[in-house]
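Some notes on the structure that comes next.
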Amino acid sequence: MKTIEQIGAELQGYDPQALSASAVNDFLSRLVEPITDTEELGLFDALGRVLAQAVISPINVPPHDNSAMDGYAFKGDQLRPDAPLVLRVVGTALAGKAWSGQAAAGECVKIMTGAIMPPGLDTVVPQELVTVRTESVEGLAQASTSSVRTEIIDIPPGLLQAGDNRRLKGEDVMADREALQKGELLTPSSLGLAASLGIKTVSVLRQLKVAYFSTGDEILSLGETPREGAVFDSNRYTVFGLLTRLGCQVIDLGVVRDDPALLEAAFTQAARQADAIITSGGVSVGEADFTKAMMKKLGDVAFWRIAMRPGRPMAVGSIPVPDEGRSAVLFGLPGNPVAVMVTFLAFVRPALLRMMGANTPAPPLLRARSTEAIRKKPGRTEYQRGTVSTAPDGSLQVQTTGNQGSGVLSSMVQANGLIVLHHAQSNVAPGDEVDVMMFWGAI
Ligand code: AMP
Ligand code: MG
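Under the working numbering, the first residue of the sequence shown carries the number 26, and numbering increases by one thereafter.
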């Protein structure tokens, strides 16, 4: 792990007192490293975990050419643009029960969705496109003068091309090819895809362990008797939720008072138990508490002023665990409840994903028309809570949630995303398009 000084030297114009939001992400991506411990898990347990190894498919999916429709399979080269095609039905192919005969020119096989295409047949006409009639065929029954009823279908011209409604062997996944990439965050669809290959277990990185505690003498744990000037600890719950949604193992250390011995014990325990430590509170300028002093004493820590709103102060660094020869990454977030969530989403979440070994690209920002004027000073990034909705004309619009105070947690509950007003951007006029970082599954 690099030191704060090394990374600072790598970055052009690094100024801890005036960092842009993008410089923060750049810094953190150089600070944190992916974990490497792996475990083998059954698919049900692997949801939300990160693949440690690519999954190579042992089979073709689908394993055979098969029908995409209920209908009739035939040789497509018989289709003519100007004349109907008349075919005699000579057999039936069911899903899971192939038809083993040979169909000649002028013949077709009734086929169900998923049934293997009979040999030599390449095209399926859906049953709703044909007219079916029955005809007597004389002398077909062995040594008998009686007639046999067979079905005849008529396919009107111009509806089909050779190869239609046939799924090709391996068109989803080819045998011996990579079906899932290393670093993939396993979603419901990736679990399903692994299962479709017959794969029962996958090699994943272990869960990232993140310890969290709140600081501040005014912070009350739930159940404590309210006293003047004190507030309940909401950060403990938002951080718990954000980390849990991300798939981390959360180590909850509660509230730690402004007492050097308690803070030292909390930081030491957190570093020993976790890969990353998140604290909230006590990092702002002129803060009278001991949090910053303890971070400085125990670790290699930078204290930043970020050109952003909300969430200007933040501490970042590492706390060594000497007897293990490793360090825990430290994210010292500001105390204000909205600032905690915003700095988590903007900086901590991408850094933790990198530590988790995930290769997920940042989700794209959405563009939406602002329904109102928004005041914005160039020279800092602002994150306003917004609600994106569909306008009557079908386009996307976004409205701020009103009071944007960094302690107004109800604004986060109302919003479905953060309007990102970029560093150089100035005032927004009604109708201007703005970028929105949607919460999607993060919140
Ligand atoms: P600080 O960054 O410590 O100066 O805190 C800024 C503001 O956030 C203060 O009003 C604190 O009371 C509030 N705050 C700090 N920690 C928490 C917490 N865990 N839950 C709710 N509010 C908090
Ligand atoms: Mg404080």
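All C-beta atoms in this analysis are idealised placements derived from N, C-alpha and C, irrespective of residue type, glycine included. None of these values were measured; they are calculated from a predicted model.
Shortest gap from the CB of G357 to any heavy atom of the ligand MG: 7 angstroms or more.
Placement of the Cβ of N91 at a distance of 7 angstroms or more from every heavy atom of the ligand AMP is found. Taking the Cα of V354 as reference, the smallest distance to any Cα among P389, I84, K234 and P213 is reached at K234.
In this structure, S259 has its beta carbon less than 7 angstroms from a heavy atom of the ligand AMP.
When the alpha-carbon of L154 is set against those of D147, R337 and L184, the nearest one is in L184. I32 carries a helical assignment under DSSP once its states are collapsed to helix, strand and coil. Contact between M462 and L443 holds: their C-beta atoms lie close to 5 angstroms from each other, under 8 angstroms.
In the DSSP annotation of this structure, the continuous segment of the alpha helix (DSSP H) that includes S214 starts and ends at P213 to S221. Nearest in C-alpha terms to F464, of all of V453, A454, P455 and Q439, is Q439. When the Cα atoms are used, Q409 and V198 turn out to be separated by approximately 43 angstroms. A check of alpha carbon separations from P386 across H447, G145, I29 and G208 identifies G208 as the nearest. Under the DSSP assignment, R330 falls in the beta strand (DSSP E) whose first and last residues are D325 to R330.
In this structure, DSSP gives G382 a state outside helix and strand, which the three-state scheme calls coil.
Nearest in C-alpha terms to E243, of all of G306, R351, R192 and R231, is G306.
Counting the other Cβ atoms within 10 Å of the Cβ of S414 gives fewer than 16, which makes it exposed.
Taken in chain order, the complete beta strand (DSSP E) segments of 3 or more residues contained in the stretch 271 to 317 are 274 to 281 and 301 to 305.
For R55, the uninterrupted alpha helix (DSSP H) segment begins and ends at A46 to L56.
A direct Cα-to-Cα measurement between M319 and R297 gives close to 16 angstroms. DSSP places D70 inside the alpha helix (DSSP H), whose first and last residues are L68 to A71.
Membership of S161 in any alpha helix (DSSP H) is not indicated; the residue belongs instead to the beta strand (DSSP E) covering T156 to V162.
Relative to the Cα of A129, the nearest Cα in the group Q103, T138 and A108 belongs to Q103. With fewer than 16 neighbouring CB atoms inside 10 Å of its own CB, P181 falls in the exposed class.
Here V86 has D197, V198 and S221 as same chain residues with Cβ atoms under 6 angstroms from its own Cβ, once five neighbours each way along the sequence are excluded.
Remark: the shortest separation between the CB of G324 and any heavy atom of the ligand AMP does not fall under 7 angstroms.
If you look at L210, you'll find it isn't in any beta strand (DSSP E); DSSP assigns it neither H nor E. The beta-bridge partner set that DSSP reports for R351 consists of V346. L193 and A48 have their C-alpha atoms spaced approximately 48 angstroms apart.
Partner residues in a beta bridge of A454, as assigned by DSSP, do not exist. At least one heavy atom of the ligand MG sits closer than 7 angstroms to the Cβ of G241. Nearest neighbour of V341 by Cα position, chosen from D325, P347 and D348, turns out to be D325. Cβ-Cβ distances below 7 angstroms link S215 to L205 and E209 in the same chain, with the five nearest sequence neighbours on each side left out; the list follows chain order.
Counting every other CB atom within 10 Å of its CB across the protein chains shown gives Q422 a total of 16 or more, marking it as buried. If you check the CB distance, V57 and M380 come in under 8 angstroms.
Take S309, set aside five residues on each side of it, and the residues of its chain with a beta-carbon closer than 8 angstroms to its own are R337, P338, P359 and G360, in chain order. Here L268 is buried. Its C-beta has 16 or more other C-beta atoms within 10 Å.
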